[in-house]
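Quick notes on the structure that follows.
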Amino acid sequence: MILQFLLMHAVLTAVVILAWVAWMRASRMSRTGEVGATTLAAVDGRTRHDTLRATAHDLRNILNGASTSVAAAQSALPADARQLLTTARETLQSAHAVIGRYLAPVEPQDRPTPMSEILRLTIELLDPSRRMVSLRIAEDFVVDGATSAQRIAVNLVSNALAAVADVNTSRPSDGHAARRPAIDVEITADGFSISNSVGDATRLGGDIWEAGVSRSGSTGQGLTIVLAACETLHWAAWHEVHDDRVTFFVSRTPRLLD
Amino acid sequence: MGVGPVKILAFALEGVLAVLALILARADRRHRALGGFALFVAVTEWARAALIAALVGHPRPYHGFVRVIFHADELLYFGWYAALVAVVLHYFARARVWPVFVAWLGIWVYCLDYPRVSRQTLLAVYRAATATAVLVTLVAIGFGLAARRVSRPSLAHLIVGLFVSAEVATLAAAVAPDFFNHWPAIQYAMTLTLSCAVAAHVWWLVRRRRTGDATP
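Which chain is which? The protein sequence lines are S and Y, in order. For the first sequence, this note's numbering begins at 1 and goes up steadily by one. For the second sequence, this note's numbering begins at 1001 and goes up steadily by one.
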């Protein structure tokens, strides 16, 4: 009887543990999918650029084929020309389908999400090797407007990666420095911060938050979008420069003007 | 009922679990209720061992200060189930827990009608309270999962699930006629549950420290 009881208890314990593991995996896969899709929808930089390059490659091949068919039809007999034009039309329909696939909307999910998850997935997406960015979580918090928070995270991490790449290009570093993550992301109870080294700190005045001001050759809209997203969440964002390092702060409480 | 090596091991595991749960609760506010539960479990079990030891050798029915000790033990016994139901409602059903504590005090007040509520009557109350608590926890877990009240599973759900499974097994043993003959087995079972809970806490804390995130 005692053995039966112990066996029953052991089986129940095992069932609970296995069920919990399965639940955790399912939940993680679901959330990763949702947040990943939302992050992809928010990405303006490298990933979108890579997708565009692949799409451009496909389109060039297709349009080349259509152009060749039309050119051949001009000097062909009427019956052959009709066939060649049909082929060209079908080829152009393929191009239309490729563009349609690229323009397919990705529906962002705006459900409460921990800030650590948003930043972790953003970093995984933008810095897959995790060599450039370190993430430290002093205290996590849950964000209600996950889409806006992801927009902020993506823009600031993208900016930091671009700035660090600029520094590395202009100032070759030794092997020791290359192994250390150059961007420090930290989550606190109040918000989060992203800190990185910069090549020329004098270029980081207060006007960087204005639309159209770009230091890297981008559109110059990134920080303006960050401010707009912060306004949506009733958050605040600002930056501070110390020596050759800049830190962007995002606070969940509006910053008092000093 | 003496305190054997298995019970001493269980006491130690309860203490370790309370410390680990409080460390986790300090780092992650989602686990504060779990930290409170683990601390309550440890303090309750240690206090009950001391109270039961103080009752040994005193003739029934109890009088005076000995009766106070007896009722204090009853309060802690029901408190353990109240705490379990409360954490299940909190983590799985996202429901308010104050009715649980009202019920806890209500049952205890009923048991103050001593010596009318003693021996077989008290045993029946204990069994009814245990069965009700287990039933409520199972319904709450089922309801919480079916209604998708849990947005994200965490360590707390595993720990609470382990304790509930242990109580289900204990309840099955409690309905057997020779319940008290199974007492060593119940102690082994609770030790297994506590060991799993401690190991899960260590794993969770190590992973959290290594990755900077509690999500496995």
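All C-beta atoms in this analysis are idealised placements derived from N, C-alpha and C, irrespective of residue type, glycine included.
Endpoints, alpha helix (DSSP H) assigned at residue i
| i | result |
| --- | --- |
| tryptophan 1098 (chain Y) | 1098-1111 |
| valine 1088 (chain Y) | 1064-1088 |
| histidine 1157 (chain Y) | 1155-1174 |
| valine 1125 (chain Y) | 1119-1146 |
| valine 1247 (chain Y) | With chain Y running from 1001 to 1216 in the structure shown, residue 1247 (chain Y) is simply not present. |
| valine 226 (chain S) | 222-233 |
| arginine 120 (chain S) | 115-126 |
Pick from the options that is closest to residue i, judged by C-alpha positions
| i | options | result |
| --- | --- | --- |
| aspartate 140 (chain S) | S:Met115, S:Leu125 and S:Ala160 | S:Met115 |
| arginine 1060 (chain Y) | Y:Val1043, Y:Pro1115 and Y:Ala1072 | Y:Pro1115 |
| aspartate 9 (chain S) | Y:Ala1103, Y:Trp1203 and Y:Leu1171 | This sequence places histidine at residue 9 (chain S); aspartate is not what is there. If we check each option's Cα against that of histidine 9 (chain S), Y:Leu1171 comes out closest. |
| aspartate 190 (chain S) | S:Gly206, S:Val15, S:Arg203 and S:Trp235 | S:Trp235 |
| valine 1202 (chain Y) | Y:Arg1119, Y:Val1016, Y:Ala1050 and Y:Lys1007 | Y:Val1016 |
| arginine 131 (chain S) | S:Leu6, S:Asp144 and S:Ala165 | S:Ala165 |
| alanine 1093 (chain Y) | Y:Arg1148, Y:Glu1167 and Y:Leu1205 | Y:Arg1148 |
| cysteine 230 (chain S) | S:Ser195, S:Asn159 and S:Ala146 | S:Ala146 |
| glycine 1144 (chain Y) | Y:Arg1207, Y:Ala1095 and Y:Phe1040 | Y:Ala1095 |
| phenylalanine 192 (chain S) | S:Thr253, S:Ala22 and S:Ala76 | S:Thr253 |
| alanine 14 (chain S) | Y:Arg1208, Y:Arg1209 and Y:Cys1196 | Y:Cys1196 |
| serine 251 (chain S) | S:Trp23, S:Arg203 and S:Thr232 | S:Thr232 |
| isoleucine 194 (chain S) | S:Leu59, S:Ile123, S:Gly205 and S:Ile2 | S:Ile123 |
| serine 148 (chain S) | S:Leu77, S:Trp209, S:Ala228 and S:Thr202 | S:Ala228 |
Rounded distance between the beta-carbons of residue j and residue i, thought under 8 Å
| i | j | result |
| --- | --- | --- |
| serine 1154 (chain Y) | arginine 1067 (chain Y) | Contact flag wrong, Cβ pair sits at about 42 Å. |
| tyrosine 1035 (chain Y) | alanine 1025 (chain Y) | For the sequence presented, residue 1035 (chain Y) should be read as glycine rather than tyrosine. That belief holds up - the Cβ atoms of glycine 1035 (chain Y) and alanine 1025 (chain Y) are roughly 3 Å apart, short of 8 Å. |
| valine 1218 (chain Y) | valine 1117 (chain Y) | Because chain Y in this structure spans residues 1001 to 1216, residue 1218 (chain Y) falls outside the shown range and cannot be described. |
| leucine 126 (chain S) | leucine 161 (chain S) | 6 Å |
| histidine 239 (chain S) | phenylalanine 248 (chain S) | 5 Å |
| arginine 245 (chain S) | serine 197 (chain S) | 5 Å |
| alanine 81 (chain S) | alanine 73 (chain S) | 4 Å |
| valine 1164 (chain Y) | leucine 1013 (chain Y) | Not really, about 18 Å apart at Cβ, beyond 8 Å. |
| alanine 1185 (chain Y) | leucine 7 (chain S) | Their Cβ separation, rounded to whole angstroms, is 10 Å, which puts alanine 1185 (chain Y) and leucine 7 (chain S) out of contact at 8 Å. |
Cut-off 8 Å between Cβ atoms - residues of its own chain near residue i, not counting five sequence neighbours on either side
| i | result |
| --- | --- |
| glycine 1161 (chain Y) | Ile1141 |
| arginine 1048 (chain Y) | Asp1073, Leu1076 and Tyr1077 |
| serine 134 (chain S) | Pro181, Ile183, Asp184 and Val185 |
| leucine 1055 (chain Y) | Tyr1062, Val1066, Ile1069, Phe1070 and Asp1073 |
| alanine 1082 (chain Y) | Val1100, Phe1101, Ala1103, Trp1104 and Ala1133 |
| serine 1151 (chain Y) | none |
| glutamine 1187 (chain Y) | Gly1004, Val1006, Lys1007 and Ala1010 |
| histidine 1090 (chain Y) | Ala1033 and Val1097 |
| valine 11 (chain S) | none |
| valine 1168 (chain Y) | Val1134 and Leu1138 |
| threonine 1130 (chain Y) | Tyr1081, Glu1167, Thr1170, Leu1171 and Ala1174 |
| glycine 175 (chain S) | Only weak support exists for where glycine 175 (chain S) lies, its pLDDT of 46 falling under 50; the value from the coordinates is given anyway. Cβ neighbours of glycine 175 (chain S) beyond the five flanking positions: none. |
| glycine 1079 (chain Y) | Phe1040, Thr1044 and Trp1104 |
| methionine 24 (chain S) | none |
Residue i - containing beta strand (DSSP E), residue span
| i | result |
| --- | --- |
| arginine 245 (chain S) | 245-251 |
| arginine 136 (chain S) | 133-137 |
| phenylalanine 192 (chain S) | 191-197 |
| tryptophan 1046 (chain Y) | Here tryptophan 1046 (chain Y) belongs to no beta strand (DSSP E); instead the alpha helix (DSSP H) covers 1032-1055. |
| isoleucine 208 (chain S) | Where isoleucine 208 (chain S) is concerned, there is no enclosing beta strand (DSSP E), given that its DSSP letter is neither H nor E. |
| alanine 236 (chain S) | 236-242 |
| valine 1150 (chain Y) | That residue, valine 1150 (chain Y), is in no beta strand (DSSP E); it is neither H nor E in DSSP. |
| aspartate 184 (chain S) | 183-187 |
Close beta carbons around residue i, own chain, < 7 Å, minus the five adjacent residues each side
| i | result |
| --- | --- |
| valine 226 (chain S) | Ile152, Asn155, Leu156 and Ala237 |
| valine 1085 (chain Y) | Val1100, Ala1133, Val1136 and Thr1137 |
| tryptophan 1046 (chain Y) | Phe1011 |
| leucine 1009 (chain Y) | Thr1191 |
| alanine 138 (chain S) | Glu186, Ile187 and Thr188 |
| asparagine 159 (chain S) | Gly222 |
| arginine 1127 (chain Y) | Ala1174 |
| leucine 1194 (chain Y) | Ala1010, Leu1013, Glu1014 and Leu1017 |
| alanine 177 (chain S) | The predicted model places alanine 177 (chain S) with a pLDDT of 45, which falls under 50 and marks its position as unreliable, so this point remains unresolved. |
Cβ shell of residue i (< 6 Å), same chain only, five flanking positions each side left out
| i | result |
| --- | --- |
| serine 69 (chain S) | Leu84, Thr87 and Ala88 |
| aspartate 144 (chain S) | Pro112 |
| alanine 66 (chain S) | Ala88, Thr91 and Leu92 |
| leucine 1158 (chain Y) | Ala1200 |
| tryptophan 1204 (chain Y) | Leu1155 |
| phenylalanine 1040 (chain Y) | Ala1083 |
| alanine 1018 (chain Y) | Ala1038, Leu1039 and Ala1042 |
| valine 1087 (chain Y) | Ala1033, Phe1037 and Val1160 |
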